[in-house]
Each structure stands twice: as structure tokens, then as C-alpha cells.
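Numbering (the working numbering), first residue to last: 892 to 1408.
Backbone N, C-alpha and C fix where the C-beta goes; we use that ideal spot for every residue, glycine too.
In this text, all values refer to a predicted model and were calculated from it rather than measured experimentally.
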């Protein structure tokens, strides 16, 4: 799919544009297709510090670890996976005692794309079918085809890929998938019930009902980055850290339902020969996770920046696109899906995309996100991660002019939704400040508040002697071997996500409380 002439034509910039020569920063071209962060968002200083620290003062190795510059263990450094399991417990506030299986369920990867390729190679056979919710990542077709799957109706050893369209807030995704699976004659798998949206939903680890044996997927991979978790669900099985810190790092992880299945992926010939993917970089990122250098300020900056850009895009769409247009997304991730006009307008998004390129704005047509390049109808994908707010607004305005011209040429009535256009503050920007705080920081704030309350109660029981002023105590950090998300102790110290750091909290607490207010 990715190499088809139709897709190449759809996403290629005009020959005379600056984007055609590789200058995507040109003022003449606005790129709402690119799916990676703006260069200014890369945490260069933080990365420099931790790369230098890892090289000059390498962290202690576990007996199952290997030197940071040699071939890594098949599943990745044990200390990296152990720290990652602690981090995930804290991020999603997972209760209960830590178990060794949590570490063995993890494998360090080279990012979501390579992970999908390895899972398909190691965990599928000639009878395997794959179900993809559409719209999907527009380059996933090539990965599926490389693994021997057919997406054009021609069977290759019995392997097929089925697309399930989902472009409505009310769509019964689970029902559509279940109907499709039941129509297949040689499948053993039925997906669990879960929430899914094009840019933001996570897969829960616990399912509402217990499916029959052999009717669950072994792996479900979520390829779209997300920086919010509004429902509080547990983490998705696959994640790319490089989507946050920089795609060139090529580091992520895969969480499987059992150690045996993860070990099966680790037996890939590529991994057995070359060692763990992202071996050195994962060691560096582990240091960043434990020092909370990912959550603050990296995640804070990304979340605030993307929310502001998303709000600007939402407002621009309301003011420049015709009545009936639908905008999906905005609760996390890099992308929105825009349905231009109402269904009855029969807008051709492929044609709009071509005209938009001539106007100097690049967007991705919905057909590129459908398996086999099928008709994407009125839908286009818009990214908020690459361009700045002003250029996003200008890009949507250019797109709006193109759409209006298309309406006039096809004899269709053009009108914007006046009520939506009047809204100065979109729903995304109306979110409370607290929702912009990274998950780990939220957990740590609750722990600090709990520790302060415990100290005050203890002082009160002892007759009020030496009442501790709020924010004056020192808080110890949890070592890498500790269980993240553990309950607060009864003493003055409280575990946080981090290691080897003990710092004065007084001024920081006061500053945080003022910011929260």
C-alpha cells in the first residue's frame, strides 16, 4: 500500500513547491501531514546530559545485563525493563505488590513499526487473519505485506488483512469487528471489547467480560502516539518512547500478556543476531525515566504545546470549513481526522488534497489511511505535531479556500456554521490546568500530599510538638528495585518515581501549589 502510485501521488508535494525540494520549513508550504514533532520540541539539553552521564558514569549492571556498548540481551537490559515496569505502575497508579512477571512481560524494541514487523513474523502463520481499524497509520500496509499478508484480496498462503471502517463517534466498532470475525471460516480469534478512537484511545488490560478460551488476540498494537489518558485505563501493549523524545532514537517497548509470548518475539533471528534493539539508547532513557526528566519538563511541554496547537486547529476548522464538517480527535496524539462538509455533499477528499497542494498546504487524504487505498470519502488527516500554531491556522485557512472553490465549481451551497465559528475558546483549551500535568507527576503530588497529612496527624497525636510546616520535609526517591505506586509509608519520607535523588521540597511545593491554584 505504501508504495502504490496512487498513494505516492496523493502525498507528493507539487513539483514547483519548496516542499518538493525537501525544504519543509519553507514559508510557502505548510505541512499538516508530517507525523513527528517540531525540531524545537526535541529535548536536546536533557538528552546531552543523560548521554554524557551514561557514557562517563555508566549505571551498575545487573547479572543479566550486558555492557552498554556491546550486543544487548534479547529482551533488553533487565534493569531497563525493571525500571520501566516500576514507571508504568506509577504512571497508571497500579495497586498491589510488584511481581517479577511484570518485568518478564516487557521487551525493549526499536519502536512501534519494527515491533509490529517482528510480532507478525514470530506470532502469525498461514492461517492468521489480521483486523485493522480504519483509518489506520498510512504506512502500516507495507509492514503487513512484508510479513506475507494480503491487503488487496489476493491470498498469500491464506493470510488476509480486513479493514473495519470507523469514522463516527457513534460507530459500533466492537460489533462490526465481531460480525466480521464470525464470518471467517478459519479464525480462532475474536477481539475483546474496548474503546477505540483514531488518535487517542487506549486498550484496557482488564476486559468487561471474560471471552471464551482462544478467542482473544495475542497482541494488539496501538501505533498512534498519545499524551493523555482521560479514562484512566491501563497502558497499551506497545509504545514508542522515541515519539516523545525524538524519532531518531528508535526506542520503545512491547508488553505481552505472558512471559512466554514475549520470549517468542525475542527469539527473532534479527534480535538473536544483533541483540536487543535500542540497547544503548534504552539505557540512557532509563536514566531519564528514573530522574523524572521525561515527565518534567518534556511531557509537560509537549502536552501544553499540542493542546494549544489542537485548539488553534479546532477553532480554524470551525471558521473556515463548511457546515456539517466533522472533526475527530483532540484528546491525545498527533492527528485529527476531518470530514469535509456533510455526507450528502459527497466531497472528494483526494481531489481536495491535490488542489490543496497547489495552494501550498499538504494534508493526507483519507484513502491513504484505508487498506488498499480504498476510497476515503470526505476525510483527510491533519497533524498538529510539526507546524506551529500560526502556520496551522494559515494552513486550515488555505484548505478552507480550496474547499470553498470546489463547492462553487460543483454547484454546492457553501456556508460555515456560524454558532461554532463564534466560539473563541475551543473545548480543548477549556480543559483545566490539572489535565496538562503528566501522569507520574500527578501520582507524586498525591503521595506528597498524603505524606504531609500523615506527618500532621502524627504531630497532632504527639501533642502538637514540632508541627511540620507544609512542604518542609525531605522526600526520598524510590530506588530502581522498589515497587512504583506503593502506598505511602507512615513516616516522613514518601517514595516517588526516581532514584538516587533527595531534594528539598519546600519552595517547589509552594510553587506547585500556586500553579495548581
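Span separating the alpha-carbon of residue i from that of residue j
i            : j            : result
residue 974  : residue 1204 : 37 Å
residue 1338 : residue 1188 : 20 Å
residue 1369 : residue 1023 : Because the pLDDT at residue 1369 is just 31, under 50, the model does not fix this residue reliably, and the point stays unresolved.
residue 1163 : residue 1217 : 47 Å
residue 1009 : residue 1244 : 34 Å
residue 1262 : residue 1034 : 12 Å
residue 1167 : residue 1336 : 35 Å
residue 980  : residue 986  : 8 Å
residue 1147 : residue 1222 : 26 Å
residue 1309 : residue 1232 : 14 Å
residue 1303 : residue 1036 : 40 Å
residue 1307 : residue 1209 : 7 Å
residue 959  : residue 1236 : 58 Å
residue 952  : residue 1140 : 22 Å
residue 1313 : residue 1247 : 25 Å
residue 933  : residue 1133 : 10 Å
residue 1195 : residue 1353 : 44 Å
residue 937  : residue 945  : 12 Å
residue 1079 : residue 1161 : Because the pLDDT of residue 1079 is 36, which lies under 50, any placement of that residue in the model is unreliable, and the number read from its coordinates should be weighed accordingly. About 28 Å.
residue 1185 : residue 1178 : 10 Å
residue 994  : residue 972  : 6 Å
residue 1301 : residue 1270 : 18 Å
residue 1215 : residue 1183 : 44 Å
residue 1265 : residue 1040 : 17 Å
residue 1016 : residue 1007 : 15 Å
residue 1351 : residue 1340 : 17 Å
Three-state class that DSSP yields for residue i in the structure shown
i            : result
residue 1256 : strand
residue 1106 : Its pLDDT being 37, under 50, residue 1106 is placed unreliably by the model, and nothing is read from it.
residue 1131 : strand
residue 1041 : strand
residue 1342 : helix
residue 853  : Outside the modelled stretch of the chain, which goes from 892 to 1408, sits residue 853, for which no answer is possible.
residue 1271 : strand
residue 1196 : helix
residue 1263 : helix
residue 1212 : coil
residue 1144 : strand
residue 1217 : strand
residue 1287 : helix
residue 1015 : coil
residue 1160 : helix
residue 1238 : coil
residue 1180 : helix
residue 1230 : strand
Beta-carbon proximity check, residue i vs residue j, cutoff 8 Å
i            : j            : result
residue 919  : residue 1202 : no
residue 1150 : residue 954  : no
residue 1199 : residue 978  : no
residue 1152 : residue 1226 : no
residue 1253 : residue 1030 : no
residue 1193 : residue 1135 : yes
residue 1220 : residue 1240 : no
residue 929  : residue 1279 : yes
residue 1197 : residue 925  : no
residue 949  : residue 970  : no
residue 1286 : residue 1142 : no
residue 1159 : residue 957  : no
residue 983  : residue 1165 : no
residue 1169 : residue 1021 : no
6 Å Cβ shell around residue i - same chain, five flanking residues per side excluded
i            : result
residue 1212 : 1291
residue 1395 : Here the model assigns residue 1395 a pLDDT of 36, short of 50, so the residue's position is not dependable, and the following value carries that caveat. Excluding positions up to five away in sequence, the list is empty.
residue 942  : 1175
residue 1137 : 933
residue 1011 : 1038
residue 1288 : 1211
residue 1172 : 1140, 1142
residue 1207 : 1284, 1287
residue 988  : none
residue 927  : 1138
Neighbourhood of residue i by C-beta, 7 Å cutoff - its chain only, sequence neighbours within 5 removed
i            : result
residue 1305 : 1213, 1295, 1298, 1299
residue 998  : 966, 967, 1144, 1145, 1153, 1156, 1157
residue 1260 : 1025, 1026, 1027, 1029, 1267, 1272
residue 1255 : 902, 924, 1029, 1271, 1272
residue 1293 : 1243, 1246, 1247, 1250
residue 1004 : 1034
Residues near residue i by beta carbon distance below 8 Å, same chain, minus five either side
i            : result
residue 1045 : Residue confidence for residue 1045 is low, a pLDDT of 49 falling below 50, so the modelled location carries little weight and cannot support an answer.
Any non-hydrogen atom of the ligand GTP within 7 Å of residue i CB
i           : result
residue 924 : Among the components of this structure there are no ligands whatsoever, and the ligand GTP is therefore not found.
8 Å Cβ cutoff, residue i in contact with chain B
i           : result
residue 937 : Here there is only one protein chain, and chain B is not present.
Length-filtered (4 minimum) alpha helix (DSSP H) runs lying within the stretch 926 to 976: 935 to 947
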